[in-house]
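Undergrad: Supplied in C-alpha cells, the structure appears directly below.
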Amino acid sequence: MTTSLSPTRTSGLAFARRFISRRISWVPVFAAVFILVVMFVAAQAYFGNFLTPRVISSLLLDNAYLLILAVGMTFVILTGGIDLSVGAVMAFTGMLGASLLRDGLPVALVIPIMLVVGAAMGLGVGVLVQYFGVQPFIASLAAMFAARGLAFMVSLSSIKVEDKAILWLQSTRLQAAPGSWSITPTGILALLTVVVAALVLAYTRFGRTIYAVGGNEQSAKLMGLPVVRTKLLAYVISGVCAGLAGVAFTAYTGASYPLNGIGTELDTIAAVVIGGTLLTGGSGYVLGSMVGVFVYGTIKSAISFLGAEQSWTRITIGALLLVFVVVQRIIVARSRRR
Amino acid sequence: MKRIFKHRMTWPIIALLVLVLVNTIARPSFISVTVQGDKLYGPIIDILRNSAPLMLVALGMTIVIATRGIDLSVGAIMAVSGAVALTIIEGSPAPDSLATVMIAATAGVLVALVLGVWNGFLVSVVGIQPIIATLVLMLAGRGIALLITGGFITTINSDPYKFMAQGYLIGLPFALFVSIAAVIAVALIERRTALGVLTEAVGINPEASRLAGVRSRSIIWAAYAVSGLLAGIAGILYSSNIMAADANAAGLYIELDAILAVVLGGTSLMGGKFSIAGTVIGVFTIQTLKSTITFLGVPPAVSPLFLAIVVVIVVLVQSPQLRDRLSRAVRRVRRGPATPTLTDSGAEAAQ
Chain A
1 MTTSLSPTRT
11 SGLAFARRFI
21 SRRISWVPVF
31 AAVFILVVMF
41 VAAQAYFGNF
51 LTPRVISSLL
61 LDNAYLLILA
71 VGMTFVILTG
81 GIDLSVGAVM
91 AFTGMLGASL
101 LRDGLPVALV
111 IPIMLVVGAA
121 MGLGVGVLVQ
131 YFGVQPFIAS
141 LAAMFAARGL
151 AFMVSLSSIK
161 VEDKAILWLQ
171 STRLQAAPGS
181 WSITPTGILA
191 LLTVVVAALV
201 LAYTRFGRTI
211 YAVGGNEQSA
221 KLMGLPVVRT
231 KLLAYVISGV
241 CAGLAGVAFT
251 AYTGASYPLN
261 GIGTELDTIA
271 AVVIGGTLLT
281 GGSGYVLGSM
291 VGVFVYGTIK
301 SAISFLGAEQ
311 SWTRITIGAL
321 LLVFVVVQRI
331 IVARSRRR
Chain B
1 MKRIFKHRMT
11 WPIIALLVLV
21 LVNTIARPSF
31 ISVTVQGDKL
41 YGPIIDILRN
51 SAPLMLVALG
61 MTIVIATRGI
71 DLSVGAIMAV
81 SGAVALTIIE
91 GSPAPDSLAT
101 VMIAATAGVL
111 VALVLGVWNG
121 FLVSVVGIQP
131 IIATLVLMLA
141 GRGIALLITG
151 GFITTINSDP
161 YKFMAQGYLI
171 GLPFALFVSI
181 AAVIAVALIE
191 RRTALGVLTE
201 AVGINPEASR
211 LAGVRSRSII
221 WAAYAVSGLL
231 AGIAGILYSS
241 NIMAADANAA
251 GLYIELDAIL
261 AVVLGGTSLM
271 GGKFSIAGTV
281 IGVFTIQTLK
291 STITFLGVPP
301 AVSPLFLAIV
311 VVIVVLVQSP
321 QLRDRLSRAV
331 RRVRRGPATP
341 TLTDSGAEAA
351 Q
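Those sequence lines, one after another, are chains A and B.
FYI, in the working numbering the residues of the first sequence are 1 to 338.
FYI, in the working numbering the residues of the second sequence are 1 to 351.
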C-alpha cells in the first residue's frame, strides 16, 4: 500500500514508511493491536459499559491458560513446526495433578511432576520430528491422541481439587490498581511466562537460534548453529507450557476433567497467528501472541455481552484468522519482491 | 518373495490380516456372519457398514494429500451438511416423502461442495498453506452448523432418510453400497484418466508440473472440492445413522482418522504418489482396530491412546531415517565390527 504514495509527501509519511520497511516483522503485531483497539472502541460504543476495569482484568484472568499455551506454541511455530498436542497435554497434566493431590501428595511435588510430564510429552514429539523425520503435524497429533487417552486412563470422570495452594492461585484477588483492577496469581504466572519468553527470544543465544532455524534451517545448520538441540528444546518448552497451563486451568476450574481443552490447540494456533507469527517460521513475537490471546478473549466477552450464542466466537475467530493469514501472505510476497 | 515384500501394499495388508486374525482367535464369533430373514449380521458386516463415512472422507483426503495438501475441515463439513439436511426435513410438511429426503440430502451435499470449493480457492488461488486454509473452516464450520440447528440437536423421524445408513439392500447394508460406489467412482476417475497422474505430478513438484503445462491450480482446487463433496455425503450418512444433527459431535476427529487411514495405506504426507486401494485397507484397519478396542472392554474414551501407539509405529516404519539406520546396522553386523567407512560418515553429515 505504501508504494502507491508519492515520495514527495510529508516527511512523516516517509518516516512511517522507513519504519515499516525496517520493522516489517512487527507490522502484523501492530495490525493485531489495531484490531484490538478497534474492537475495544466498537464494543464500548455499542454496550456503553464494556471498557470497565473488571472486564479488562478478566480478559487476562479468564485466558491465563491460553496465554501460557500461546507462549509455548510461539516457540514451536517460530522454528517452522506446529504442536497440536497442547490442549490434550494440558488436560492430561491437569488430571494427573488432580489425582496425585487427591492421593495426598504435597503440592510442592505435584506441580513439578506436572511440568516434567509436559516436558516429556514435548520431548517425545521433538524426537519423532528431529530423529525420525516425522512431520510435526503427525508427531504432535500422535502426542495429542496419547495425552487424551492417558487423561481418560487417570479417571473417566472429573476430579475435584481441594488443595488450598492450587485454589489460592485463582481465588486470591490482588488489587492491581485503584478501582476494581484485579489480578490473580495465575494471571501473574501467565504474564511472567510472557516476559521470560520475550526476553529469552530477544536476548539469548538460544532465542536467536530459534529465529535462525525458522528463517532457514539449512543456513542455520551450515552456520554451525545447534539446530537439533534448538528444535528439540522448542517442543520441550511447548510441553512445559502445556503442563503449566494444566496447573492454571485446574486452578481456574477447581477441578480436572479429561475432556478439558478440546479444540484449545486450534484456539492457541489462531491466537498466535493473529498475533503476527508467520506459520512458515522465523518471524513473530511472544508479545504479539499475547495480543492475539486478548483479541480472542475480547471476541468471547463481546459475544457473551451480546447474549448471542458462543458458536459465533469460533466463526469470528475463523474469519479473523483468514484475514490475518491473507495479510501475512501479502507481507511475505512484498518482502520477497524486495 | 523379495518382490512381494518390496510391494508397498504388502505391509498394510499384513497389518489388517493380523488384526483380523487376533480378533478371530480372541472371539471366534468375529468372522461369523448370521442370516436373519434376508439380512446379514455380524461383527464384520458392522465394520463394513460403520466404516462408510470414514471411507468417503478418507478417499477425499487421499486426493488432497496427493496434491501435497491436507484438509482439516472435513469433520466440520460433515456437521454442516447433516445440519442442513435435517433442518430441511424437520421444517418440511412431509418428512417421510422420498422427494423431501432427496432434496434435503442434495442440499446438504451441495453446501458441502461449496465449502470444499471455498477451501480450494484459499489454497490454490490465494496461496494459503493448506493446514491453515482448512483450519479456518474447521474452526468456523461447527459454529455455522450450530447456527443452522439453532444450537440444538435436531432430531427427526423419516424412514427414507433412516434407510441410507441403517437400511439393507439385497442383504447388505445400504451404506456399504455408498462407500463401494464412491471407491469405484474415485478409482475410475483417477486411474482410468490422466487425472491421477497429473495429481501425482502436482504433488511431487508443483512448480515443475506447472512449467510442464499441467494446470496445477485447477487440479488442486478440484481436489478440495471433491474432498468437501465426499465429506458432505459422509455427513448425510452420519446423521442418518443417529437420525440427529449433532453439530458438536458429528465427524469429531474424523479428519485425524482419515489422515491416519491414508498414511496407513502407504500414501506419503509429502504428496505425490497415492494409493486408493491402500486407503481402503487403511480405513478397514482403523475400523477393525476400533471394534477390537471396544471388544477388549477398554472404555472408548481411552481408545485414542491405542490409535496414538499405532500412529507412532506406522510413522516409524515409514521413516526413511530409521530404515537407513537399521539397514546400516544390518550391514555393519554382516561386515563384522569394521571401522565406519567414508560413505557412512558422509551420509551422516548429509542428514
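Ideal Cβ positions, reconstructed from N, Cα and C, are used throughout, including at glycine.
Could you tell me the distance, in whole angstroms, from the CA atom of Gly307 (chain A) to the CA atom of Met61 (chain B)?
TA: 38 Å
Undergrad: If the cut is a Cβ gap below 7 Å, which residues of chain B does Arg317 (chain A) touch?
TA: The question names Arg, but residue 317 (chain A) is Ile in the sequence shown. The answer, in chain order, is Leu139.
Undergrad: I'd like the span of the beta strand (DSSP E) that includes Ala40 (chain B), first residue to last.
TA: It should be noted that the sequence gives Leu, not Ala, for residue 40 (chain B). Note, Leu40 (chain B): beta strand (DSSP E), Lys39 to Tyr41.
Undergrad: Going by DSSP in three states, Ile14 (chain B) sits in which element: helix, strand or coil?
TA: helix
Undergrad: In the DSSP assignment, find the unbroken alpha helix (DSSP H) run with Val154 (chain A) in it and report its ends.
TA: Val154 (chain A) -> alpha helix (DSSP H) spans Pro136 to Val154.
Undergrad: Can you find the residues in the same chain that come closer than 7 Å, C-beta to C-beta, to Val55 (chain A), ignoring five residues on each side of it along the sequence?
TA: Ser301
Undergrad: If we count the other Cβ atoms within 10 Å of its Cβ and call it buried at 16 or more, is Met270 (chain B) buried or exposed?
TA: That one is exposed.
Undergrad: Strictly under 8 Å for the Cβ-Cβ distance: is Val315 (chain B) near chain C by that measure?
TA: Of the chains in the structure shown, none is chain C; the protein chains are A and B.
Undergrad: Would you call Ala31 (chain A) buried or exposed, if buried means 16 or more other Cβ atoms sit within 10 Å of its Cβ?
TA: buried
Undergrad: Would you call the stretch 214 to 232 of chain A and the stretch 56 to 72 of chain A touching, i.e. three or more CB-CB distances under 8 Å?
TA: Short answer: they don't touch.
Undergrad: Could you check how far apart the C-beta atoms of Arg102 (chain A) and Ile159 (chain A) are, in whole angstroms? I think they sit under 8 Å.
TA: 6 Å
Undergrad: Can you tell me whether DSSP reads Val302 (chain B) as helix, strand or coil?
TA: helix
Undergrad: Taking only the alpha-carbon atoms, compute the straight-line gap between Val71 (chain A) and Ser157 (chain A) and give it to the nearest angstrom.
TA: A direct Cα-Cα distance of roughly 29 Å separates Val71 (chain A) from Ser157 (chain A).
Undergrad: Which residue comes first and which comes last in the alpha helix (DSSP H) that contains Thr34 (chain B)?
TA: Thr34 (chain B) -> not in any alpha helix (DSSP H); beta strand (DSSP E) instead, spanning Thr34 to Gln36.
Undergrad: Going by CA-CA distance only, name the one from B:Val80, B:Ala187, B:Val136 and B:Gly141 that's closest to Phe109 (chain B).
TA: Per the sequence shown, the amino acid found at residue 109 (chain B) is Val instead of Phe. The shortest C-alpha separation from Val109 (chain B) is found at B:Val80.
Undergrad: Kindly indicate the opening and closing residues of the alpha helix (DSSP H) around Val247 (chain A).
TA: Element bounds for Val247 (chain A): Val227 to Thr253.
Undergrad: What residue from A:Val293, A:Gln310 and A:Ile77 has the CA that sits closest to Tyr211 (chain A)'s CA?
TA: A:Ile77
Undergrad: With distances taken from CA atoms, which of A:Thr316, A:Arg334, A:Gln328 and A:Trp312 is nearest Leu147 (chain B)?
TA: A:Trp312
Undergrad: Taking the alpha-carbon positions, what's the Ser323 (chain B) to Val317 (chain B) distance?
TA: Note that residue 323 (chain B) corresponds to Arg in the displayed sequence, not to Ser. Going from the Cα of Arg323 (chain B) to the Cα of Val317 (chain B) covers about 8 Å.
Undergrad: Buried or exposed: Gly120 (chain B), going by 16 or more other Cβ atoms within 10 Å of its Cβ?
TA: buried
Undergrad: Given this structure, state the Cα-to-Cα distance separating Pro304 (chain B) from Val116 (chain A), to the nearest angstrom.
TA: 22 Å
Undergrad: According to the neighbour-count rule (16 or more other Cβ atoms, all chains shown, within 10 Å of its Cβ), is Glu190 (chain B) buried or exposed?
TA: buried
Undergrad: If you run the structure through DSSP and keep just helix, strand and coil, what is Ser182 (chain A)?
TA: Under the three-state reduction of DSSP, Ser182 (chain A) is assigned to strand.
Undergrad: If I follow the unbroken alpha helix (DSSP H) through Asp267 (chain A), where does it start and stop?
TA: Thr264 to Ile274
Undergrad: Give me the Cβ distance between Ala16 (chain B) and Leu172 (chain B), rounded to the nearest whole Å; I'm assuming they're in contact under 8 Å.
TA: Checking the displayed sequence, the identity of residue 16 (chain B) turns out to be Leu instead of Ala. Not really, about 20 Å apart at Cβ, beyond 8 Å.
Undergrad: What is the DSSP secondary structure of Thr168 (chain B), reduced to helix, strand or coil?
TA: Strictly speaking, residue 168 (chain B) in this sequence is Tyr, with Thr absent from that position. Assigned with DSSP and collapsed to three states, Tyr168 (chain B) falls in strand.
Undergrad: Which residues, taken in chain order from the stretch 114 to 143 of chain B, show a beta carbon closer than 9 Å to some beta carbon of chain A?
TA: Leu122, Val126, Gly127, Ile128, Gln129, Ile131, Ile132, Ala133, Leu135, Val136, Leu137, Met138, Leu139, Ala140, Gly141, Arg142 and Gly143
Undergrad: Listing by chain order, which chain A residues have their CB less than 9 Å from the CB of Ser216 (chain B)?
TA: Those within 9 Å of Ser216 (chain B) in chain A number zero; the least Cβ separation is about 18 Å.
Undergrad: In this structure, does DSSP put Ala308 (chain A) in helix, strand or coil?
TA: coil
Undergrad: At a CB-CB cut-off below 9 Å, which residues of chain B make contact with Ser311 (chain A)?
TA: Arg142, Gly143, Ile144, Ala145, Leu146, Leu147, Gly151 and Ala247
Undergrad: The stretch 256 to 270 of chain B: which residues have C-beta closer than 9 Å to a C-beta of chain A, in chain order?
TA: Answer in chain order: Leu256, Ile259, Leu260, Val263, Leu269 and Met270.
Undergrad: How would you list, in chain order, the residues of chain B whose beta-carbon sits under 8 Å from the beta-carbon of Phe145 (chain A)?
TA: Leu256, Pro304, Leu305, Leu307, Ala308 and Val311
Undergrad: Can you say whether Met223 (chain A) is buried or exposed, counting buried as having 16 or more other CB atoms within 10 angstroms of its CB?
TA: Label assigned to Met223 (chain A): exposed.
Undergrad: Excluding sequence positions up to five away, which residues of its chain have a Cβ less than 7 Å from the Cβ of Thr250 (chain A)?
TA: Gly94, Gly97, Ala98, Val161, Ile166 and Ser256
Undergrad: Comparing the C-beta of Phe152 (chain A) with each C-beta of chain B, is any distance below 8 Å?
TA: For Phe152 (chain A), the nearest CB of chain B lies under 8 Å from its own CB, placing it at the interface with that chain.
Undergrad: Please state whether DSSP places Ala250 (chain B) in a helix, a strand or coil.
TA: coil
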